[in-house]
Amino acid sequence: MASTTAVDKSKPYFPLASLASDGWSTEDEATATCFCGAVQLAFPTHGPGFVGSFICNCADCHKLTASVHATNFTVYDTHLKHLRGRDTLKTFGQSRTVFVKTAGQDNTMTNYFCSTCGSLMYRVGAAFPGMSILRVGSVDDFSLHETKLRPTMEQFTKDRVAWKLPTEGAKQFEGDGLHVNL
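The opening position of the sequence shown corresponds to residue 0 in numbering that gives the first Met the number 0, with each subsequent residue numbered one higher.
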């Protein structure tokens, strides 16, 4: 029988979620770790290095997550720290992406995966210079999923599955919402 014990998600919460057990969070920073523990990143949870969090329903995110949407957050590269495993990361990039802005312009999106377990750690794109897009699901402190990393925007709603309701409290964009205020 499943446990019905409630978890206080207003406090740091680190459930058994991978082979690593050394994730941490402070008031200003936290870690994201791949499934096998070989790669670990540190990132800001607010302030000048944290850009924002969002739900993405684009075709790229459907395929990359093997799901119907992705829950992401963006940080400036100057604030993203590789704590371990940088040499373990492998890349896959392609320019046929939903973020095509101008014909003939570089639209490459590059994905950084752990070469051991395959976890997608972050994406960088020509359309987002100086920024990295991380997955909320890779964050070690699960309480941040519902607090500091709660999505404030949902994009590509035109491609959202009918059974998923709009994300409560998140500004909705039919297409690309990331370039609205850039």
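Every residue gets a Cβ at the ideal spot worked out from N, C-alpha and C, and that includes glycine.
| Item | Value |
| --- | --- |
| Residue from Cys113, Arg159, Phe155 and Pro165 whose Cα sits closest to the Cα of Thr32 | Cys113 |
| Alpha carbon of Asn56 to alpha carbon of Met108, nearest angstrom | 16 Å |
| C-alpha distance - Val50 paired with Ala5, whole-angstrom precision | 31 Å |
| Beta-carbon spacing of Phe13, Ala29 below 8 Å | no |
| For Pro43: DSSP bridge partner residues | Glu28 |
| Cα-Cα separation, Gln154 to Ala58 | 11 Å |
| N- and C-terminal bounds of the alpha helix (DSSP H) containing Lys62 | Ala58 to Thr64 |
| Cβ-based burial, Thr70 [other Cβ within 10 Å; buried from 16] | buried |
| Cβ separation of Val67 and Lys163, assumed to be a contact under 8 Å, to the nearest whole Å | 7 Å |
| Identity of the residue in Asp175, Thr90, Ala65 and Tyr121 nearest Val74 by Cα | Tyr121 |
| Phe141 versus His78: straight-line alpha-carbon distance, rounded | 21 Å |
| Own chain, CB closer than 6 Å to Phe34, minus 5 neighbours either side, in chain order | Ser17, Cys116 and Ser118 |
| Alpha carbon of Gln39 to alpha carbon of Trp23, nearest angstrom | 11 Å |
| Gln104 to Ser20 span [Cα, whole Å] | 42 Å |
| Integer-rounded CB distance, given that Ser52 should sit under 8 Å from Arg149 | 7 Å |
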